[in-house]
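Below: one structure, written as structure tokens.
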């Protein structure tokens, strides 16, 4: 049975908040332990709680001190190399969304041009109605369509596409 979605909001009931905190803390420590075991890495967790006077340290204060001292002995560049803060995360996410938007805009433009081309072939639109600012896209779509048609004609052994292209160009002149 799937779990219900948890709304992330401050819990005003102190006892519910403490129960939730303890469950999540236990899960976090379990994940840290699994990560260290499965990936053969050193790690630690320091959890400050409003319900306890001292922070909880995993795996032990000595091992945690060892991990932290090794981390602190690294050059600052190494310490921050893989660190992500909200600002850098947001910038990375924004760049990804911009790239996706650009890709989708190009894809939409190609689909619009292809649709226009098919409407012209069906007699619904006239070629004179074409917006010439999209000429490069139209050329690309036409080349792609021609290549696909030639390939399919070769598969079906209908006609040699080169002979067809020659006869079409002769009829045009």
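In full-length UniProt numbering, the protein residues as written are 1 to 173. For every residue, glycine included, the Cβ atom is placed at its ideal position computed from N, Cα and C. Fair warning: this is a prediction, and the values are worked out from it, not measured in the lab.
C-alpha distance - residue i paired with residue j, whole-angstrom precision
i	j	result
residue 44	residue 60	8 angstroms
residue 53	residue 18	14 angstroms
residue 147	residue 129	25 angstroms
residue 100	residue 26	38 angstroms
residue 142	residue 91	38 angstroms
residue 123	residue 103	30 angstroms
residue 175	residue 69	No answer is possible for residue 175: it lies beyond the span of the chain, which begins at 1 and ends at 173.
residue 12	residue 6	15 angstroms
residue 9	residue 15	15 angstroms
residue 149	residue 106	23 angstroms
residue 75	residue 81	10 angstroms
residue 71	residue 87	23 angstroms
residue 42	residue 79	15 angstroms
residue 83	residue 67	16 angstroms
residue 58	residue 140	60 angstroms
Beta-carbon contacts of residue i that lie in its chain and below 8 angstroms, excluding the five residues immediately before and after
i	result
residue 94	none
residue 28	45 and 47
residue 189	No answer is possible for residue 189: it lies beyond the span of the chain, which begins at 1 and ends at 173.
According to DSSP, residues forming a beta bridge with residue i
i	result
residue 45	58
Rounded Cβ spacing between residue i and residue j (contact assumed at less than 8 angstroms)
i	j	result
residue 97	residue 113	Not confirmed; about 25 angstroms, so no contact.
residue 89	residue 49	Not quite, the Cβ-Cβ distance comes to about 26 angstroms (not below 8 angstroms), so this is no contact.
residue 111	residue 134	About 12 angstroms; that fails the 8 angstroms criterion.
Same chain, Cβ closer than 7 angstroms to residue i, neighbours up to 5 away in sequence not counted
i	result
residue 125	116 and 119
residue 176	Residue 176 is absent from the structure shown; the chain starts at 1 and stops at 173.
beta-carbon residue i near the ligand GTP non-hydrogen atom, thresh 8 angstroms
i	result
residue 142	Of ligands this structure carries none, so the ligand GTP is not represented either.
6 angstroms CB neighbourhood of residue i in its chain, flanking five on each side removed
i	result
residue 85	none
Worksheet entry | At least three beta-carbon pairs within less than 8 angstroms, the segment 63–73 to the segment 28–40 | No: the two stretches stay apart, fewer than three of their Cβ pairs being nearer than 8 angstroms.
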